[in-house]
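Numbering (this note's numbering), first residue to last: 1362 to 1586. Have a look at the structure below before the remarks.
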Ligand SMILES: Nc1nc2c(ncn2[C@@H]2O[C@H](COP(=O)(O)OP(=O)(O)O)[C@@H](O)[C@H]2O)c(=O)[nH]1
Ligand SMILES: [Mg+2]
């Protein structure tokens, strides 16, 4: 009986997620769902990425249990920046994105970044209507997390191994991560990344533009009227 209820919730969520994806596609917008533990560097990544993508423009929807802090951090650089407070929920639902999209000028937006609630499990299960899932995994979390928390790594379209500037002060085995990932997901590129030193940053921007081209069918550098 319980299983039925869970299936029903997931089916209802997926239906709304499909509507969100269509809405983004109709407006030629690439939707990205950013997933990681709290503190892995999602908002910092947005702070660095949004200005670098100009003249292509970005809007942001951020989910946190409480506060408007992350939306405030990106407000000045984004077309729109909307904070959703989820209260007790450890992930965003598609219906929350649906109502946030009503307040976003998609005609002015090229990239719709959704920063999910910091959590390494549940956000991987809920489609929000994005085109791609971006997983961040920071070095201070330790090199054993891919095997321990396989859900988000299995669904990743790209994995950013963040805070690589801390390599010299951490015992972190890249080899272990690569071996664990090889068993789960051979499709997603793994980028060694740092928002501080900009290691991997060009590769990340190239990937974003490629995904935009593939999903939205636009030329690189296309600017909306
Ligand atoms: N050393 C280092 N710290 C970083 C990097 N990216 C983010 N941080 C720090 O990690 C902390 C959490 O970052 P934040 O972007 O808020 O993470 P979020 O919770 O995933 O959005 C902040 O103190 C950031 O300054 C990085 O590339 N290197
Ligand atoms: Mg954040």
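Glycine residues also receive a C-beta, built at the ideal position from the N, C-alpha and C atoms.
In the DSSP output, what is residue 1442 paired with across the bridge?
Locating residue 1442 in the chain shown gives position 81, counting from the first residue. Note: residue 1442 sits in a beta bridge opposite 1421.
Cβ contact check for the stretch 1445-1461 and the stretch 1492-1499: 3 or more pairs under 8 angstroms
no
Under 8 angstroms between the Cβ atoms of residue 1440 and residue 1460?
Taking the first residue of the chain shown as position 1, residue 1440 is located at position 79. Taking the first residue of the chain shown as position 1, residue 1460 is located at position 99. Not a contact, by the Cβ cut-off of 8 angstroms.
If you scan the stretch 1485-1513 from start to end, which runs of the alpha helix (DSSP H) of 4 or more residues do you find wholly inside it?
1506-1509
Would you kindly work out how many angstroms separate the C-alpha atoms of residue 1532 and residue 1481, rounded to a whole number?
Working through the chain shown from its first residue, we reach residue 1532 at position 171. Working through the chain shown from its first residue, we reach residue 1481 at position 120. Approximately 21 angstroms, taken between the alpha carbons.
What do you reckon, are the CB atoms on residue 1500 and residue 1528 nearer than 8 angstroms?
Taking the first residue of the chain shown as position 1, residue 1500 is located at position 139. Taking the first residue of the chain shown as position 1, residue 1528 is located at position 167. Yes, these two residues count as a Cβ contact at 8 angstroms.
Which residues bound the beta strand (DSSP E) around residue 1476?
Position 115 of the chain shown holds residue 1476. That run of the beta strand (DSSP E) goes 1472-1476.
Note down, in chain order, each residue of its chain lying with its Cβ closer than 8 angstroms to the Cβ of residue 1476, except the 5 sequence neighbours on either side.
By 1-based counting over the chain shown, the position of residue 1476 is 115. These residues qualify, in order along the chain: 1395, 1403, 1404, 1407, 1421, 1422, 1423, 1424 and 1431.
When we look at the beta-carbon of residue 1437 and count the other beta-carbons within 10 Å, is it buried (16 or more) or exposed?
Within the chain shown, the letter at position 76 stands for residue 1437. Under this definition residue 1437 is an exposed residue.
Cβ-Cβ separation, residue 1381 to residue 1462 (assumed contact under 8 angstroms), whole Å:
Position 101 of the chain shown, counted from the start, is the residue given in the question as residue 1462. Position 20 of the chain shown, counted from the start, is the residue given in the question as residue 1381. Going by Cβ atoms, the distance from residue 1462 to residue 1381 rounds to 6 angstroms, so yes, they are a contact pair.
Between the C-alpha atoms of residue 1374 and residue 1490, what's the straight-line distance to the nearest angstrom?
Translated into the one-based positions of the chain shown, residue 1374 becomes position 13. Translated into the one-based positions of the chain shown, residue 1490 becomes position 129. Their backbone Cα atoms lie some 9 angstroms apart in a straight line.
Please write down, chain order preserved, every residue whose beta carbon lies under 5 angstroms from a heavy atom of ligand 2.
1403, 1404 and 1431
Quickly, what does DSSP pair residue 1393 with across the bridge? List them, please.
Here residue 1393 corresponds to residue number 32 of the chain shown, with the count starting at 1. Note: residue 1393 sits in a beta bridge opposite 1474 and 1493.
Does DSSP classify residue 1569 as helix, strand or coil?
Here residue 1569 refers to the residue found at position 208 of the chain shown. If DSSP states are grouped into helix, strand and coil, residue 1569 belongs with the helices.
Leaving out five residues on either side along the sequence, give the residues of the same chain with a beta carbon under 6 angstroms from the beta carbon of residue 1409.
Along the chain shown, read from residue 1 onward, the residue named residue 1409 stands at position 48. Correct list, in chain order: 1556.
Could you give the C-beta distance for residue 1417 and residue 1472, rounded to a whole number, given that I count them as a contact under 8 angstroms?
One-based indexing of the chain shown puts residue 1417 at position 56. One-based indexing of the chain shown puts residue 1472 at position 111. Residue 1417 to residue 1472, Cβ: 7 angstroms. Contact.
So what's residue 1406 in DSSP terms, helix, strand or just coil?
Stepping through the chain shown from its first residue, residue 1406 is reached at position 45. Helix, per DSSP.
Under 8 angstroms between C-beta atoms of residue 1485 and residue 1513
Taking the first residue of the chain shown as 1, we reach residue 1485 at position 124. Taking the first residue of the chain shown as 1, we reach residue 1513 at position 152. Result yes, Cβ atoms of residue 1485 and residue 1513 sit closer than 8 angstroms.
Are residue 1398 and residue 1479 touching if we call contact CB-CB under 8 angstroms?
Position 37 of the chain shown, counted from the first residue, corresponds to residue 1398. Position 118 of the chain shown, counted from the first residue, corresponds to residue 1479. Yes; because the gap between Cβ atoms is below 8 angstroms, this pair is in contact.
Once DSSP output is grouped into helix, strand and coil, what is the label at residue 1574?
Locating residue 1574 in the chain shown gives position 213, where the first residue counts as 1. Residue 1574: helix per DSSP, three-state reduction.
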